[in-house]
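Down below is the structure, laid out as structure tokens.
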Amino acid sequence: MKLNPNIPSGPVEKKWDNHKFNLKLVNPNNKRKYDIIVVGTGLAGASAAAALGELGYNVKVFTLHDSPRRAHSIGAQGGINAAKNYPNDGDSVWRLFYDTVKGGDYRSRESNVYRLAQISNQIIDHCVALGVPFAREYSGYLANRSFGGAQVSRTFYARGQTGQQLLIAAYSTMMRQIKMGTVKMFTRREMLDLVVVNGKARGIITRNLITGELESHIGHAVLLCTGGYSNVFYLSTNAANCSVSAAWAAYKKGAGFANPCFIQIHPTCIPRSGEHQSKLTLMSESLRNDGRIWVPRKKGDKRPPDQIPEEERDYYLERKYPAFGNLVPRDIASRAAKAMIDEGRGVGPTGQAVYLDFRDAIKQKGIDKIRAAYGNLFDMYYQITDEDGYKLPMRIYPAPHYTMGGLWVDYNLMTTIDGLFALGEANFSDHGANRLGASALMQGLADGFFVIPATIGGYLGSSKFEDIDGETKEFQESKKRIKEKISRLLSIKGKGTPTEFHRHLGNVMWNDCGMSRNEHDLKHAIKKIAEIREEFWKDVMVPGTNEELNQTLEKALKVSDYLEFAELLAKDALERKESCGGHFREESSTPEGEAKRDDDNFCHVAVWEFQGEGKEPLRHKEELSFENVKVTVRSYK
Amino acid sequence: MSEDKNNFSVTIRVWRQNSPEDEGRMVAYKVEDVSPDMSFLEMLDVLNENLIKKGETPITVESDCREGICGCCGLVVNGDVHGPDKHSTVCQLHMRRFKDGDVITVEPWRVGSFPVIRDLAVNRTALDRIIQAGGYISARTGSSPDANITLVKQNDAEEAMDSAACIGCGACVAACPNGAAMLFVGAKISHMALLPQGKTERMERALNMIEAMDKEGFGNCSNEYECEAVCPKEIKVSNIARMNREFLLANFFSKEGK
């Protein structure tokens with residue numbers, strides 16, 4: 130596997146402009162001769178489809194939902210960053226770049242992150258033009274807030290629904306292209322395989338979720354905008370239909386998978402209430418701007434929170450990290466909560482939670498201000514827990530939320546397979562080992578609206594394509610394999626439901642491969658995953674047939690991929706013997722229990738190459754070099 | 251199985267329909283050991299898990315984010331669109347709203363323009379086609395000026411946000427005795443008409459979206475206000491009034507004279 134990141138030469142602030150100038154262009158009249166397949170209609174997919182359609186490419190876009198607007202980008206609440214420096218508080222492209230590289234714990238590629246910071250401003254311009262009702266000042270100017278530990282106010286937001294509003298903008302501008310005939314939409318289709326012909330990604334196989342029909346779709350390039358894999362933990366903040374399946378299919382066809390162990394565990398989620406729990410709900414971490422996080426000083430203190438006097442409360446984030454307090458980055462806040470709970474100081478009926486308390490903020494600012502800022506989050510909390518967060522502190526617990534790892538891509542967002550691109554959360558590139566708040570929306574839209582429209586031309590303009598059709602043997606072979614897999618799943622008729630296997634896998638991953646990892650547990654996880662996988666293929670129960678709307682079959686296909694992918698995730702975590710960002714190895718920590726990075730041995734991207742079923746994958750490295758950012762110990766004390 | 255003393259049993263009477271052509275029927279299932287902390291959909295998950303284990307066909311029910319924002323889920327529970335809780339999607343409904351021995355009726359959206367696909371899943375693509383007809387602002391990527399060039403009054407931005415909050419679940423249509431989609435269409439037209447960026451195309455937008463709405467066979471508004479009552483995002487019927495104004499204005503001024 131060749132890992133050429135294709136970083137353009139020149140100073141970092143000139144790279145993108147130089148690169149765009151040097152890329153081959155496709156003649157405007159020729160663009161319609163190129164078919165581009167876009168899988169997924171979240172921020173990355175919808176914006177890519179729209180922007181490529183505007184350029185005149187012939188785009189086919191796929192979603193497994195009934196409507197492209199359902200994609201899980203919609204769940205993002207807090208906001209989107211940009212280096213506008215409207216508040217005049219010292220922000221700049223350079224600072225956003227610097228913060229993002231530092232926040233990622235120096236495990237991302239400088240050139241990509243700089244480009245992201247550069248493009249951030251254009252995204253806001255474009256989204257305003259598309260009608261996103263961002264929050265405004267009385268004067269009519271755009272409002273900003275500080276978010277997720279940033280020391281400047283660079284976050285734009287639309288109430289608690291920023292992701293939804295941005296997705297509606299990307300979706301509606303894509304719908305315009307559909308009307309104009311440049312984009313063709315395929316709903317209720319799930320991608321089950323990538324088809325590679327003579328080394329180039331040339332199409333996909335989808336399953337029509339209503340009829341079960343397997344369909345071949347041919348193109349000159351394939352864009353995977355299929356999101357992340359947090360649901361490998363079963364319980365996560367992701368939507369039920371999120372899966373690793375498309376990325377996993379690409380991996381098995383030769384796309385390198387980068388840093389699968391880099392997962393973000395979000396600190397402010399509503400704790401689980403029982404075995405029946407199907408998902409975890411995140412509350413925007415903007416709550417940490419005003420809420421104070423604490424646990425009782427005494428272990429096992431079962432008194433109600435309002436009966437625990439001030440001096441018996443431990444505001445542990447303020448104590449341990451006085452400079453950032455409750456606003457430390459997500460990985461640090463999550464790990465600190467776990468440490469408190471492990472000490473036996475967790476709260477609530479399960480002991481698996483910490484308090485997020487608004488008492489002081491309400492006293493200081495008044496309940497109306499707090500209601501105006503966070504009303505929808507308090508309502509959400511009430512609806513789920515039946516508790517009033519204005520009167521008693523909320524209970525929160527960390528949950529898997531975002532995956533920094535993903536398909537390896539070069540500067541052009543191309544994977545190790547020619548013509549296969551990965552955008553948004555599906556790629557690995559910009560967030561290193563930890564993503565800062567309000568930067569996922571930024572990356573999805575940067576990739577889709579602004580990066581891929583430039584870089585795809587470079588690929589198409591310099592490649593030769595042979596004529597193929599659905600009868601081409603690679604398509605036929607792929608369909609045959611999928612048919613066999615589906616028949617096998619339907620014929621086992623065992624005793625376990627796909628969800629039960631998924632839940633079992635999730636437990637193993639959370640316990641052995643979650644917020645805190647060590648060699649012993651990771652080896653245990655690898656063994657357990659193999660056992661669950663074997664059990665799954667012996668004992669899963671999938672009723673019905675392929676030729677119908679069969680949600681159990683859809684679920685079984687997803688779980689079968691998670692059961693393979695989980696092992697790669699655990700292996701990656703085992704091989705990365707350092708702590709960095711969201712990846713905490715107990716063997717690599719300071720005497721105070723803080724993460725210890727090992728730049729001498731691990732300042733690289735780990736990229737995994739598939740070697741065949743049942744064979745050990747190969748681990749490659751892309752060495753990272755930092756020419757502009759000074760690599761330091763990430764300290765928030 | 252947990253032995254929690256708060257747990258209880260309910261009977262679910264649910265709509266089963268194998269395909270659009272199938273006639274469909276109500277079928278009753280008993281669900282035991284229901285925890286008050288379960289969401290309604292988690293209770294249906296438990297029922298489905300039990301059906302799968304018996305080799306029976308589970309109930310097709312759509313949901314995705316399970317936090318009330320994606321617009322995927324949509325059920326009629328005991329005759330209430332999105333269930334008994336006000337201004338909430340059915341995924342946010344919890345079993346603590348029910349008690350031991352309750353018989354709960356569960357049906358899909360019942361609207362001609364949303365044909366049933368299977369059991370509780372319906373086809374709502376008509377709403378996407380209405381958006382396609384004009385629910386956007388035509389700004390090409392790369393052509394936008396600085397975001398602060400055009401100022402937007404805070405009130406206008408807030409009001410536009412109120413309308414833009416629509417999640418496209420279709421509850422307004424399901425609750426309307428006429429099967430009208432006017433709250434949905436009115437919300438989109440209002441969202442864009444309230445913002446300066448959206449004003450250039452407001453006439454074509456109103457005409458095209460309303461034409462598409464009529465073509466899909468949605469009914470007319472007869473001021474029942476049922477849509478506002480069930481909307482999980484509390485979108486107001488004043489959006490329909492604004493839509494009508496936009497439509498009149500467009501008819502009056504439009505050069506195309508549609």
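Top to bottom, those sequences are chains F and E. With the numbering used here applied, the first sequence corresponds to residues 130 to 766, in that order. With the numbering used here applied, the second sequence corresponds to residues 251 to 508, in that order. All C-beta atoms, glycine included, are put in the ideal place defined by N, C-alpha and C.
Would you mind stating whether residue i and residue j have Cβ atoms separated by less than 8 Å?
i      : j      : result
E/L370 : E/V311 : yes
F/A212 : F/S202 : no
F/P400 : F/I525 : yes
E/C320 : F/R236 : no
F/A279 : F/D228 : yes
E/A410 : E/N470 : no
E/I387 : E/E461 : no
F/G553 : F/M533 : no
F/H405 : E/V340 : no
F/G171 : F/Q393 : no
F/L574 : F/G292 : no
Please list, in chain order, all residues of the same chain as residue i whose beta carbon is under 8 Å from its beta carbon, the five residues on each side excluded.
i      : result
F/E472 : K428
E/S259 : K280, V281, E282, D283, V284, D350 and G351
From the options, pick the residue whose C-alpha is nearest to that of residue i; which is it?
i      : options                           : result
F/Q740 : F/A212, F/Y380 and F/Y450         : F/Y380
E/A500 : E/I485, E/I399, E/A456 and E/S313 : E/A456
F/W639 : F/L542, F/C732, F/L565 and F/L698 : F/L698
F/S359 : F/G383, F/K766, F/E344 and F/C390 : F/C390
F/L483 : F/A205, F/I491, F/K467 and F/D497 : The sequence as given places Val at residue 483 of chain F; Leu does not occur at that position. Of the listed residues, the one whose Cα sits closest to F/V483 is F/K467.
E/N257 : E/M288, E/V487 and E/V353         : E/M288
F/C642 : F/R632, F/G454, F/A654 and F/H633 : F/A654
F/L747 : F/D489, F/G383 and F/A659         : F/G383
F/D782 : F/R617, F/M509, F/E648 and F/G277 : This structure gives no information on residue 782 of chain F, because the portion of chain F shown stretches from 130 to 766.
F/S301 : E/N428, E/P427, E/M442 and E/L498 : E/M442
How many whole angstroms separate the CB atoms of residue i and residue j, which I take to be in contact at a CB cut-off of 8 Å?
i      : j      : result
F/L352 : F/I597 : About 18 Å separates the two Cβ atoms, so there is no contact after all.
F/G769 : F/M670 : Missing from the structure shown is residue 769 of chain F; chain F here goes from 130 to 766 and no further.
F/A298 : F/L271 : At roughly 15 Å, the Cβ-Cβ gap does not stay under 8 Å, so F/A298 and F/L271 are not in contact.
F/G420 : F/G174 : Not really, about 34 Å apart at Cβ, beyond 8 Å.
F/V760 : F/D728 : 6 Å
Check whether chain F comes within 8 Å of residue i, counting only Cβ atoms and requiring the distance to be less than that.
i      : result
E/S252 : Caution is warranted here: a pLDDT of 47 is assigned to E/S252, below 50, making its placement in the model unreliable, and the coordinate value is therefore given only provisionally. Taking Cβ atoms only, chain F reaches closer than 8 Å to E/S252, which makes this a yes.
E/L325 : no
E/R266 : no
E/V480 : no
E/I319 : yes
E/E306 : yes
E/R390 : yes
E/K508 : Summary for E/K508: the model assigns pLDDT 44, below 50, so the residue's position carries little reliability, and this model does not support an answer.
E/C422 : no
E/V435 : no
E/A414 : yes
E/H332 : no
E/M442 : yes
Against chain E, with Cβ distances strictly below 8 Å, would residue i count as a contact?
i      : result
F/F578 : yes
F/L343 : no
F/R116 : For residue 116 of chain F there is no data in the structure shown, the boundaries of chain F being 130 and 766.
F/Y484 : no
F/Q481 : no
F/A369 : yes
F/G403 : yes
F/V637 : no
F/T628 : yes
F/D471 : no
F/K149 : no
F/T410 : yes
Short of 7 Å in beta carbon distance, which residues of its chain neighbour residue i, apart from the five on each side in sequence? Order them along the chain.
i      : result
F/L152 : A583, T584, G586 and G587
F/R474 : V424, P425 and K428
Suppose the cutoff is 6 Å on Cβ atoms and the five residues either side in sequence are ignored; what does the same chain contact list for residue i look like?
i      : result
F/K144 : P137 and S240
F/N418 : none
F/A315 : Reading off the sequence shown, one finds Phe at residue 315 of chain F, where the question assumed Ala. Excluding residues within five positions, the ones whose Cβ falls inside 6 Å are F191.
F/L678 : I339
From the beta carbon of residue i, is the nearest beta carbon of chain B less than 8 Å away?
i      : result
F/T681 : The chain inventory of the structure shown lacks chain B, comprising the protein chains F and E.
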